[in-house]
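In order, the protein sequence lines correspond to chains R and W. Taking our numbering, I'd label the letters of the first sequence as residues 1 to 309. Taking our numbering, I'd label the letters of the second sequence as residues 1001 to 1218. Glycine included, C-beta positions come from ideal geometry on N, C-alpha and C. Here's the structure, in structure tokens; my notes come after.
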Amino acid sequence: MEILIFIIKILFVPLISPFCIGVIRKIKAFMQNREGASLFQPYRDLLKLFHKDEVISPTASWIFLFTPYLLFTITLVISLGLPFLSAGNNLFGINDFLVFIYLLVLGSFFLSLAGIDTGSSFGGFGSSREMTIVALTEGGLLFAMLPIVLLTKTTNISLMASLLATLPLLQFAPIIIAFIAFFIALLAENSRIPFDNPATHLELTMVHEAMILEYSGKRLALIEWASFNKLLIFIILGVNLFFPWGLNSGSLYLDILFASIFLFIKILFLSGVVALIESTVAKLRFFRLPDLLFTSFILGVIALFLVTI
Amino acid sequence: MDLIILQLLSLLGTTVFLTSVLMHIVRRNSSRMTLYLVQSFAVAILLFMGGLQEKSLGLFFIAALTFFIKVVFAGIFFSKIIDQKQVQQTPATYLNLPTTLGVILGLTMLVRSSIFAPVLALFPVDAQLISLALAGIFISLFLVINRHGAFAQLIGILSLENGLVVFSILVGLEQAFGIEVGILFNILVWIFIASALVSLVYSHFGSFDTIKMRRLKD
Chain R
1 MEILIFIIKI LFVPLISPFC IGVIRKIKAF MQNREGASLF QPYRDLLKLF
51 HKDEVISPTA SWIFLFTPYL LFTITLVISL GLPFLSAGNN LFGINDFLVF
101 IYLLVLGSFF LSLAGIDTGS SFGGFGSSRE MTIVALTEGG LLFAMLPIVL
151 LTKTTNISLM ASLLATLPLL QFAPIIIAFI AFFIALLAEN SRIPFDNPAT
201 HLELTMVHEA MILEYSGKRL ALIEWASFNK LLIFIILGVN LFFPWGLNSG
251 SLYLDILFAS IFLFIKILFL SGVVALIEST VAKLRFFRLP DLLFTSFILG
301 VIALFLVTI
Chain W
1001 MDLIILQLLS LLGTTVFLTS VLMHIVRRNS SRMTLYLVQS FAVAILLFMG
1051 GLQEKSLGLF FIAALTFFIK VVFAGIFFSK IIDQKQVQQT PATYLNLPTT
1101 LGVILGLTML VRSSIFAPVL ALFPVDAQLI SLALAGIFIS LFLVINRHGA
1151 FAQLIGILSL ENGLVVFSIL VGLEQAFGIE VGILFNILVW IFIASALVSL
1201 VYSHFGSFDT IKMRRLKD
């Protein structure tokens, strides 16, 4: 049973994440009165990129070549520690919420290095902007998860989710506030509107796209796939850690099926919320982003106070 | 049934608190008005649930009246003011956003401090929600103090009243039917008068910015 859960967990995120992006794009198209591309278009885009040749700058070092593999691997490793299908299997300590946060930071760090590695000015300003956003986001992300750590007295993400599910809803006020903080961090970490527009290549506004501008072919496909995975990881964490109902005990095949279907519905719902926000909110000016990220941090601290005192 | 009501209470109490925090963050008057309408809707549901719990027709009526006055009527009235005056952006705050958020955090900490501990100790089950309601009251009061804009101040006072209603529901301070209707009538009159005052400020000074009223000193 554990091997089956391990296989499902490692395959679920990379297989479902392009579909999740497809859903967000479809909803956004619907909101703009367009028909939009197929829900499976991101799969076709990835396939197309995997079949293309690469152009690599002669000034690029090993960091530029190595980063796409690292990013993709990090998302696979993190997906093993996500709170779904099993409760509390702490494989190599990757279930720890601090490990989760710092693996994400490691990915952002290498992506920023890769952005400046080729000496392109676009990569340089993209990396600079990314580092500013990441530095301000981590506090909010950490403090959004700390109230749950204090409530459940564990740092194991899967255990946090299963223990939180046993709490009465009356004690969920700080969790809802922490979720708002987490959701702001979700948008910032995944370069979504209002922090960044994933569909633009305007030099004045782009952040994530500027860093990966020098990539092409298979490595670009891996980076794109890793960013899809990262969004899905955050969505799963958001729906299963903060609203941990429908998690299975991992004892029966029927339980796994039920938990997977329930998780899928929750993922679609939160993807819809992300799409709705992207369709109704304008991208913020770069110098207003710290305000929003500070809001996330303060909401996290408020939630923490409500839990502790 | 009681458990479901308690759980919904938690959600609605948190909604009221979050909307009062978000009123400080948004810049557009229409967004602030929408937040107020959401907050008032949550208060109306809270009253409706109170009616369900106590099987009181009076409370159902109060809930319906609250919905009509604070959501429907205030929504139409405020939208008209914003559209007629073409004032989407609120004038600036006295404190910048990080400092404002710091003050909001301080107010929430104050509510959880030993100063309010005797009040919260009386209601151990609802202590978290009551502290949120109290924090909501202080945060709304801070909105009135911190904003230059007359419209934002108007919304701040109404949000303060919503916080007081939530607090009184949670601590069981419901009043007699006649008094509750009277309070709602007061709110209705307040919306009329305050809106007229805000409109007068705009027609006289060409802005909702109360800083410009300093000219009255001359």
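Residues near I1062 (chain W) by beta carbon distance below 6 Å, same chain, minus five either side: L1047 and E1180
Under the three-state DSSP convention, the category G1206 (chain W) falls into: coil
is_contact[Q1039 (chain W), chain R] using C-beta, thresh 8 Å: no
Selected residue, minimal CA-CA separation from L82 (chain R), among R:D117, R:Y69, R:E209 and R:I235: Nearest neighbour of L82 (chain R) by Cα position, chosen from R:D117, R:Y69, R:E209 and R:I235, turns out to be R:I235.
Sequence-distant residues of its chain with Cβ nearer than 7 Å to A221 (chain R) (five each side left out): L46, L49 and F50
In chain order, each beta strand (DSSP E) run of at least 3 residues that lies wholly inside the region 1065–1097 of chain W: none
Members of the region 164–182 of chain R near chain W, C-beta cut-off 8 Å: Cβ contacts with chain W: P168, L169, L170, Q171, F172, A173, P174, I176, I177 and I180.
W225 (chain R), buried or exposed, once every other Cβ within 10 Å from all chains shown has been counted against 16: The residue in question, W225 (chain R), is buried, as its Cβ has 16 or more Cβ neighbours within 10 Å.
is_contact[T1034 (chain W), chain R] using C-beta, thresh 8 Å: no
Stretch-stretch touch, CB-based, cutoff 8 Å, three pairs: the region 1009–1028 of chain W with the region 161–180 of chain R: yes
Sheet register partners of G1149 (chain W) (DSSP bridge): W:D1209
Exposure of P68 (chain R), with buried meaning 16 or more beta-carbon neighbours within 10 Å: buried
Any C-beta of chain R under 8 Å from that of T1014 (chain W): Judged by the 8 Å Cβ criterion, T1014 (chain W) is in contact with chain R.
Residue-level contact to chain W via CB, I193 (chain R), 8 Å cutoff: no
Chain W within 8 Å of D291 (chain R), Cβ atoms only: yes
Alpha-carbon to alpha-carbon, E1161 (chain W) and I1076 (chain W): 19 Å
Residue of W:G1013, W:N1029, W:G1058 and W:A1042 minimising C-alpha distance to E1174 (chain W): W:G1058
Cβ neighbour criterion (16 or more within 10 Å) applied to K26 (chain R): It counts as buried.
Identity of the residue in R:A185, R:F110 and R:G22 nearest I133 (chain R) by Cα: Of the listed residues, the one whose Cα sits closest to I133 (chain R) is R:A185.
Whole-angstrom distance between P14 (chain R) and F228 (chain R), CA atom to CA atom: In this structure, the alpha-carbon of F228 (chain R) lies about 8 Å from that of P14 (chain R).
E2 (chain R), enclosing alpha helix (DSSP H) - first and last residue: E2 to M31
Sufficient close CB pairs (3 or more, under 8 Å) joining the region 1194–1205 of chain W to the region 1133–1144 of chain W: The answer is no - the region 1133–1144 of chain W does not touch the region 1194–1205 of chain W, with fewer than three Cβ pairs under 8 Å.
Cross-chain neighbours of S1010 (chain W) in chain R, by beta carbon under 7 Å: L169, L170, F172 and A173
Pick from W:Q1053, W:I1081 and W:V1043 that is closest to I1069 (chain W), judged by C-alpha positions: W:V1043
Bridge partners - D96 (chain R), DSSP secondary structure assignment: R:N156
Three-state class that DSSP yields for I192 (chain R) in the structure shown: The question names Ile, yet the displayed sequence has Arg at residue 192 (chain R). Coil.
DSSP-derived helix/strand/coil call for R44 (chain R): helix
Beta-carbon contacts of S1031 (chain W) that lie in its chain and below 8 Å, excluding the five residues immediately before and after: none
Three or more C-beta pairs below 8 Å linking the region 126–141 of chain R and the region 102–118 of chain R: Taking a cut-off of 8 Å for Cβ pairs, the region 126–141 of chain R and the region 102–118 of chain R touch, as three or more such pairs fall below it.
V1144 (chain W) vs I1157 (chain W) beta-carbon contact at 8 Å: In contact: V1144 (chain W) and I1157 (chain W) (Cβ atoms closer than 8 Å).
Classification of L98 (chain R) by the beta-carbon crowding that lies within 10 angstroms, buried from 16 upward: exposed
Limits of the alpha helix (DSSP H) - the one that A221 (chain R) falls within: G217 to L241
Three-state secondary structure assigned by DSSP to R1028 (chain W): strand
Three-state class that DSSP yields for W62 (chain R) in the structure shown: helix
Coarse secondary structure for K1055 (chain W), derived from DSSP in three states: coil
Beta carbon of N156 (chain R) nearer than 8 Å to that of D196 (chain R): Not a contact, by the Cβ cut-off of 8 Å.
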